[in-house]
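**Q**
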Amino acid sequence: HEEGSLAGLPPLRVLLAEDNEVNQRFALRVLQRGGHTAVVAANGRLALEALAREPFDLVLMDVQMPEMGGFEATEAIRAREAAEGGHVPVIALTAHAMKGDRERCLQAGMDGYVSKPIREQELALAISQV
Ligand code: MN
């Protein structure tokens, strides 16, 4: 077991909700190098569609996305789970480590929080905590 490494985790099916292509490519590379598979959704609405279509072990949710942002999408996920059961862990990806962000993420039903730019060690720690 490698501490603080994505390769130290069991292989996960990850839904990556992120609108920025550079961040998408970087996160995909980090996840795949760690032995995980990922599906990309470019906004919150597409993330909800993907979750309705197939199961995921984890959602990495960018907060700021067009059409539907991460807070709104997570609230919709939790509302659906309240009716249908289940709980998929959601880790927020935030551009700025702003004061109050963590509270806002938890309030929206997110389980964890990673600030961008994404660092493997920080992401691995957040995943292992959920
Ligand atoms: Mn964004």
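In my numbering, the protein residues as written are 1 to 130. Even glycine gets a Cβ: it sits at the ideal position worked out from N, Cα and C.
Using 8 Å as the threshold, is the segment 77 to 94 in touch with the segment 51 to 62, meaning 3 or more CB pairs across them?
**A** yes
**Q** Which residue marks the beginning of the alpha helix (DSSP H) containing Leu28, and which one marks its end?
**A** 21 to 33
**Q** Can you give the Cα-Cα distance for Gln129 and Gly112, rounded to whole angstroms?
**A** 8 Å
**Q** Please work out which residues of its chain come closer than 6 Å, Cβ to Cβ, to Ala38, disregarding the five sequence neighbours upstream and downstream, and give them in chain order.
**A** Around Ala38: Val14, Leu16, Leu28, Leu31.
**Q** How about Pro11 and Gly44: do their beta carbons lie closer than 8 Å?
**A** In this structure, Gly44 does not lie closer than 8 Å to Pro11 by Cβ.
**Q** Could you pull the DSSP bridge partners for Thr74 from this structure?
**A** According to DSSP, Thr74 bridges with nothing at all.
**Q** By the three-class DSSP mapping on this structure, what secondary structure does Leu101 have?
**A** Here residue 101 is Asp; the residue named in the question, Leu, does not match the sequence. Looking at Asp101 - three-state DSSP - the assignment turns out to be helix.
**Q** Tell me which residues pass a beta-carbon proximity test against the ligand GDP: closer than 6 Å to any heavy atom, given in chain order.
**A** The model depicted lacks the ligand GDP and carries the ligand MN instead.
**Q** Check this for me: beta carbons of Leu9 and Glu120, under 8 Å apart or not?
**A** No.
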